[in-house]
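One structure below.
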Amino acid sequence: MQQKLNDELSQVFENAAVALILVNKEGRIKLINKAGEDLLGQGLVDVYGKLAGEAFRCVNTFINKYTVCGEAEDCTHCPLRNSFEATYNSGFNQYKVQSDLEIKDKDKTYTLHLLISTAILNIASSKYVLVTIEDITKERELHNELKEREKQLEELLATKNKFFSIISHDLKNPFATIAGFAKLLLEDYSSFTDEERESFLQMIINSSENTYKLLENLLLWSKVQVGKMNSNLENVYISDIIYEAISQLRAMA
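Pasting the structure below:
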């Protein structure tokens with residue numbers, strides 16, 4: 352009966368969907384299930400007796416090819432070590448502590464985002480800590496990607512609002528100027544001198560040209576905003592821009 356129960360518990364342990372790692376008071380691995388082997392990329396025969404940080408290939412584990420897991424200065428911040436030591440020393444279990452672990456794999460370094468839980472176990476009169484690890488790296492990366500896309504969407508909406516604001520304001524005034532002078536000429540043409548009529552026509556031409564330039568600039572700006580055009584910085588005479596702006600304001604006055 353006891354053997355049957357042990358076999359059933361062994362199957363539960365082995366087939367759990369999350370990584371289960373049994374460590375002793377030093378943090379050395381005594382047992383690991385299949386999900387744990389998949390997470391580490393190593394079997395029990397490879398990690399048995401190793402320190403947890405060593406098995407994970409933590410960036411602080413090896414210095415000059417020597418194993419110094421737990422001895423480096425940054426080891427005091429190790430989420431794995433801190434979790435099982437706290438549970439072993441206090442007897443209090445921990446549940447889904449969010450942790451980041453820097454991993455060195457050959458020539459590259461990457462971060463594992465983990466949820467670490469611990470439970471104190473007494474087996475054959477010896478005390479162990481069962482460490483449960485959930486790898487949420489993909490979920491965290493997806494979350495960050497969604498946040499980045501949300502930020503881009505907000506910027507796009509702000510750009511759209513700015514675009515419509517320019518259209519509703521900066522384009523409205525030049526057209527109002529053109530319509531105003533054209534109406535004056537149409538309704539009171541004979542009451543104006545040739546010089547005044549020529550001045551009105553010149554203002555209409557200037558306003559039309561400025562409106563055309565504004566439309567061109569808006570189209571170029573919109574292409575830059577959606578990434579369809581590269582910016583080409585060049586020096587300009589600010590006095591010319593100021594003069595054009597003053598001319599437009601005078602025309603609208």
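Just so you know, our numbering puts the end of the sequence shown at 604, numbered straight through with nothing missing.
Cβ coordinates follow ideal geometry from the N, Cα and C atoms, glycine included.
Just so we're clear, the structure is a prediction, and the values are computed from it rather than from any experiment.
C-beta atoms of residue i and residue j nearer than 8 Å
| i | j | result |
| --- | --- | --- |
| Arg-408 | Asp-458 | no |
| Tyr-439 | Lys-376 | yes |
| Ala-367 | Ala-386 | yes |
| Thr-483 | Val-369 | yes |
| Leu-371 | Leu-452 | no |
| Val-398 | Leu-391 | yes |
| Ile-468 | Gln-449 | In the sequence on display, residue 468 carries Ser and not Ile. No; because the gap between Cβ atoms is not below 8 Å, this pair is not in contact. |
| Val-410 | Ile-474 | no |
| Phe-514 | Ser-573 | yes |
Spatial distance of residue i from residue j (CA atoms)
| i | j | result |
| --- | --- | --- |
| Ser-477 | Arg-432 | 19 Å |
| Leu-395 | Arg-379 | 12 Å |
| Ser-516 | Glu-499 | 26 Å |
| Tyr-479 | Phe-364 | 15 Å |
| Ser-541 | Leu-552 | 14 Å |
| Ser-361 | Lys-447 | 23 Å |
| Leu-570 | Tyr-594 | 23 Å |
| Leu-508 | Lys-502 | 10 Å |
| Glu-505 | Ile-518 | 20 Å |
| Pro-430 | Ile-592 | 59 Å |
| Thr-460 | Val-575 | 35 Å |
| Thr-562 | Glu-496 | 40 Å |
| His-520 | Ser-550 | 25 Å |
| His-428 | Ile-471 | 21 Å |
| Glu-585 | Ala-596 | 20 Å |
8 Å contact criterion, which residue i and residue j should meet: CB distance rounded
| i | j | result |
| --- | --- | --- |
| Met-554 | Phe-532 | 6 Å |
| Leu-522 | Leu-565 | 7 Å |
Residue i CB to nearest heavy atom of the ligand MG below 7 Å
| i | result |
| --- | --- |
| Leu-463 | What this structure holds is no ligand at all, so the ligand MG is not there to describe. |
Checklist entry - Using 8 Å as the Cβ pair cut-off and three pairs as the minimum, do the segment 457 to 468 and the segment 481 to 497 touch? => result yes
Item to check | Complete runs of the alpha helix (DSSP H) confined to the segment 367 to 438 [at least 4 residues] | outcome: 385 to 391, 395 to 398, 403 to 407
Checklist entry - Would you call the segment 512 to 529 and the segment 558 to 566 touching, i.e. three or more CB-CB distances under 8 Å? => result Yes, the segment 512 to 529 touches the segment 558 to 566.
Checklist entry - Which residue spans inside the segment 463 to 514 form an unbroken beta strand (DSSP E) run of at least 3? => result 477 to 486
Checklist entry - Can you list, in chain order, the stretches of the alpha helix (DSSP H) that have 4 or more residues and sit fully within the segment 514 to 569? => result 523 to 539
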